[in-house]
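Residue 811 in my numbering is what sits at position 35 of the sequence shown, and the numbering runs on without skipping anything. For every residue, glycine included, the Cβ atom is placed at its ideal position computed from N, Cα and C. Bear in mind the structure is a predicted one, so any value in this text is a computation, not a measurement. The next block holds one structure in the form of structure tokens; read it before the comments.
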Amino acid sequence: MFFLLSASAIAAGETIRALVFDGRVIVNNRIHDGGEEGAPLYANGHVYVPVRELARQMDGYTSYDPGSRTVYIDQPASGQAKASVHAADQNESLKLRLFSAQSTYAIGEPLRVWATLANTGGRRSPSCTVRR
Numbered sequence: 777m778f779f780l781l782s783a784s785a786i787a788a789g790e791t792i793r794a795l796v797f798d799g800r801v802i803v804n805n806r807i808h809d810g811g812e813e814g815a816p817l818y819a820n821g822h823v824y825v826p827v828r829e830l831a832r833q834m835d836g837y838t839s840y841d842p843g844s845r846t847v848y849i850d851q852p853a854s855g856q857a858k859a860s861v862h863a864a865d866q867n868e869s870l871k872l873r874l875f876s877a878q879s880t881y882a883i884g885e886p887l888r889v890w891a892t893l894a895n896t897g898g899r900r901s902p903s904c905t906v907r908r
């Protein structure tokens with residue numbers, strides 16, 4: 777089923793006509809509800825889901841490099857390994873600990889690293905945003 781609403785976009789001189797898709801999109805056994813980025817679109821026999829919303833549904837991250845016009849989608853590893861290397865640093869209110877699954881990596885090999893950040897100052901820390 778499709779809503780009667782439609783959207784048009786122009787990309788590289790080409791007009792694309794899309795309908796708002798009112799079917800269901802299920803990601804990792806969770807129904808995609810459109811979220812902050814809007815409903816999926818249907819065009820030319822394909823359903824298009826906003827990439828940021830899809831990554832969010834998969835507990836992933838997106839970023840965009842305007843210089844190369846490249847969208848990056850990253851999903852954290854599903855499990856943490858035992859840390860073989862760790863480091864910590866602390867100031868008056870925060871303690872940062874970094875962990876790595878191994879001490880050396882081959883060129884191009886994904887780094888398996890993770891971190892914890894704790895408020896140790898006993899008062900409210902300045903706000904920060906951590907995106908997951």
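Beta carbon of residue i nearer than 9 Å to that of residue j
| i | j | result |
| --- | --- | --- |
| Arg793 | Ala815 | no |
| Ala859 | Ala877 | yes |
| Asp865 | Gln851 | no |
| Leu874 | Trp890 | yes |
| Thr846 | Tyr840 | yes |
| Val796 | Leu817 | yes |
| Val825 | Ile849 | no |
Simplified DSSP assignment, three categories, for residue i
| i | result |
| --- | --- |
| Gln866 | strand |
| Ala877 | coil |
| Glu829 | helix |
| Leu872 | strand |
| Leu887 | coil |
| Asp850 | strand |
| Arg793 | strand |
| Phe894 | First, the amino acid is wrong: residue 894 is Ala here, not Phe. Here Ala894 sits in strand by DSSP. |
| Arg908 | Confidence in Arg908 is poor, its pLDDT being 45 and thus under 50, which makes the residue's placement too unreliable to answer from. |
| Ala819 | strand |
| Arg800 | coil |
| His841 | Inspection of the sequence shows that residue 841 is occupied by Asp rather than by His. Residue state, collapsed to three classes: strand. |
Residue environment, residue i, which counts as buried when at least 16 other CB atoms sit within 10 Å
| i | result |
| --- | --- |
| Glu885 | exposed |
| Arg800 | exposed |
| Ala894 | exposed |
| Val823 | exposed |
Whole-Å CB distance - residue i paired with residue j, under 8 Å assumed
| i | j | result |
| --- | --- | --- |
| Gly897 | Glu868 | 6 Å |
Cβ neighbours of residue i in the same chain (closer than 7 Å, five flanking residues each side left out)
| i | result |
| --- | --- |
| Thr892 | Arg873 |
Residues of its chain near residue i, where Cβ-Cβ distance is below 6 Å and the 5 sequence neighbours each way are ignored
| i | result |
| --- | --- |
| Val861 | Ser876, Ser879 |
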